[in-house]
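In the working numbering, the protein residues as written are 1210 to 1413.
Beta carbons: idealized from backbone N, C-alpha and C, even for Gly.
Because the structure is a prediction, the values reported are computed rather than measured.
Worksheet: the structure to be examined is printed underneath.
This is the structure in structure tokens:
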């Protein structure tokens, strides 16, 4: 329960193998989304991960699309997803389902990005720009809706859930078509998401 609302909470433990996602972890996360869809519950993702568990090879990498399939089915059911990107959030989780929630919060001080900053710097052959791989940088780049302190996450989640009242909503029919029935150009959706007047959760 978060703010009096029943949710499906999926939380990473960085203390166990760097919060990496292997085959069992991926199946567990996908199952969480599927159970939430059946129970019509919002999903809260709280990440702290280095990404895919590379020692498992392809068994780990295929968890990215496997979880996304379950995540998209949950979204098509008209149910809320909130991601809280903690320290660190990198690799396969950041590159897939960690970036697909309806609302994304970043925790102040968190390292955020695909390749870790040391790897990115080594590949670039030069120092990274200021703000790279930081929560502040992710927010400035439009990759997140708000930054919160670690002690403010519960309050932020409660406020988001209070706004949306997800448990009171009837199922929503989601169409891939734009108004008028025409297929929407994906670039138009990207441009709308970048609009300066887009509503953002800046009150945290």
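Status (buried if at least 16 other CB within 10 Å, exposed otherwise) for residue i
| i | result |
| --- | --- |
| residue 1251 | buried |
| residue 1389 | Any reading at residue 1389 needs caution, since the residue's pLDDT is 42, under 50, leaving its predicted position unreliable; the model's value is listed next. Looking at its Cβ environment, which holds fewer than 16 other Cβ atoms inside 10 Å, residue 1389 is exposed. |
| residue 1263 | exposed |
| residue 1274 | exposed |
| residue 1303 | buried |
| residue 1372 | exposed |
| residue 1305 | buried |
Backbone CA spacing between residue i and residue j [nearest angstrom]
| i | j | result |
| --- | --- | --- |
| residue 1347 | residue 1321 | 7 Å |
| residue 1353 | residue 1403 | 11 Å |
| residue 1340 | residue 1329 | 13 Å |
| residue 1293 | residue 1397 | 26 Å |
| residue 1385 | residue 1394 | The pLDDT assigned to residue 1385 is 43, lower than 50, so where the model puts this residue is not dependable; a value taken from the coordinates is nonetheless given after this. C-alpha separation (whole angstroms): 10 Å. |
| residue 1342 | residue 1310 | 19 Å |
| residue 1217 | residue 1333 | 39 Å |
| residue 1323 | residue 1256 | 13 Å |
| residue 1290 | residue 1337 | 31 Å |
| residue 1344 | residue 1249 | 31 Å |
| residue 1369 | residue 1357 | 13 Å |
Where residue i sits in the DSSP three-state scheme
| i | result |
| --- | --- |
| residue 1261 | strand |
| residue 1345 | helix |
| residue 1217 | strand |
| residue 1237 | helix |
| residue 1230 | strand |
| residue 1271 | coil |
| residue 1402 | helix |
Nearest-angstrom beta carbon gap, residue j and residue i [assumed within contact, 8 Å]
| i | j | result |
| --- | --- | --- |
| residue 1162 | residue 1260 | Any answer about residue 1162 is impossible in this case: the structure gives the chain only from 1210 up to 1413. |
| residue 1212 | residue 1254 | That pair is no contact at about 17 Å. |
| residue 1224 | residue 1258 | With a Cβ gap of about 11 Å, residue 1224 and residue 1258 do not count as contacting. |
| residue 1301 | residue 1230 | 6 Å |
| residue 1246 | residue 1282 | 6 Å |
Residues that residue i bridges to, as DSSP identifies them
| i | result |
| --- | --- |
| residue 1294 | 1256, 1315 |
| residue 1356 | 1315 |
| residue 1321 | 1298 |
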